[in-house]
Structure formats: C-alpha cells, structure tokens
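Mapping of the sequence shown onto our numbering: position 41 corresponds to residue 219, and the numbering continues sequentially without gaps. Built from N, CA and C at the ideal position, the CB exists for glycine as well. If you're wondering where the values come from, they're calculated on a predicted model, not measured in any experiment. Since the structure comes first, as structure tokens, the remarks are kept for the end.
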Amino acid sequence: KKRKEAYQGSIMHFMRALYNNQLEQEGFEIHQVLKVDYAEYKRASSLFKAYSKAIKNKETISISKDSLEYYKKASKLGANEYSVQLDQLITKEDLVAPIDTSIDATAQFMGFIGWLRVTYQNKRDPIEYARITLKRIDHINSDINLPNKIGLSIYPNGTYFYGNNLFIEGYWSWWEKLSTHLPTDYQPEQTKH
C-alpha cells in the first residue's frame, strides 16, 4: 500500500505515462508555465488594465489572444505566486521524439524549452506540503525545466538519463526523496473491478 501511494503522481509514474503516451489516462496534465518577477507583474497588470479600459470605451486595441490570456493571469497573481500557467495542454508529441536506435532501442528523447507544470489530477497536496508552501490544498503539481538545454533519455520503466539536467520545483522537489524512491521494476497492483 505504501509503495503504491509513493508511486502515484511520482516522477517515475509521470515518466512511464509520458513514455507510453498515457498521460491523460494516468491522470497527468502538462501546461507551459511562464515565470513572472515583480517588474513583469507590474508591466502585465498595466497592459491588461489598458486593454480593459479600451474595451470599456469601445476602442480598438490589438493584442493576440495568447498575450491577453497571459496579461490577465499575470495581473491577478497573489503575493506568493510567481508563475502563470497557460491553458493549452502539452502532449507527448510536443515533448518526446525517438532516439537513434543504435544507441538504445527502448529510449525516447524528451526535450523542451522554458518551464512546464506537471499536474497529477488523482492526488491532492498533503497537509504537510500545503503548510510549508503556504498554499491552499490542490492537485499536486511540479514545475520542470531543462536549464542546460539538453534533453533527457527516458525509458519504459520510468527511469531517465541526464537527470542532472532536470530542474524540479514544487511537489516533486519536496516528495522525491530516498525514502520514497521505488525499485525500477516496481509495478503497481491493478485494481480489481
């Protein structure tokens, strides 16, 4: 039971779901995230206010739909919030490509630019995590980035190579410790219906 609990929503679970193109079935969503500092928050707020004023006065203003979504969300950030999650879902096809099979026939290559937010819909933040992060309890989510601009090789068992290139914030950075790591051959028991 403890192993299954550790597995659900873990990096291993996510990598397996990504590798097998079962993100949705396994309860994962991926969105692009834009990090926002205070200066950017002020800029986005003023642009969104200008847009809102123009609409109210029936004036024409040219802002792309994507930019408008970003400005609106950035202008509503709370005191301890530093990122804006965009609405468009990211799929396996956006992240993963085959690797030269002469290197490894089972490996796939995961690469992206910027930040991604991985949300696991089937588990909520533990109270201990919510307390230390000062956030309300929600679905667990983690932000990931490839700071060296080098992708990862991912494998069917949920392991990955070049892990020193994967930067993690959020739930996984709190949860993924030696005590919660599972054997690479771990398989969760299937729930009987």
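> By a C-beta neighbour count over all protein chains shown, 10 Å radius and 16 as the cutoff for buried, is Ile233 buried or exposed?
Replying inline: exposed
>> So for Glu354, helix, strand or coil by DSSP?
In response: coil
>> Just verifying my parser: in three-state terms, what is the DSSP assignment at Phe339?
In response: strand
> Would you call Ala285 buried or exposed, if buried means 16 or more other Cβ atoms sit within 10 Å of its Cβ?
Replying inline: buried
> How should Asp272 be labelled, buried or exposed, when 16 other C-beta atoms within 10 angstroms of its C-beta is the threshold for buried?
Replying inline: exposed
> Going by beta carbon distance, what residues of the same chain come within less than 8 Å of His209, once the five residues before and after it are set aside?
Replying inline: Gln263, Leu264, Asp265, Gln266, Leu267, Ile268, Leu294, Arg295, Thr297
> CB Trp350 to CB Ser320, shorter than 9 Å?
Replying inline: yes
> Which whole-angstrom value describes the C-beta separation of Gly187 and Asn300, a residue pair presumed to lie in contact below a C-beta threshold of 8 Å?
Replying inline: 7 Å
>> If the criterion is Cβ atoms closer than 9 Å, does the pair Ile318 and Trp353 meet it?
In response: yes
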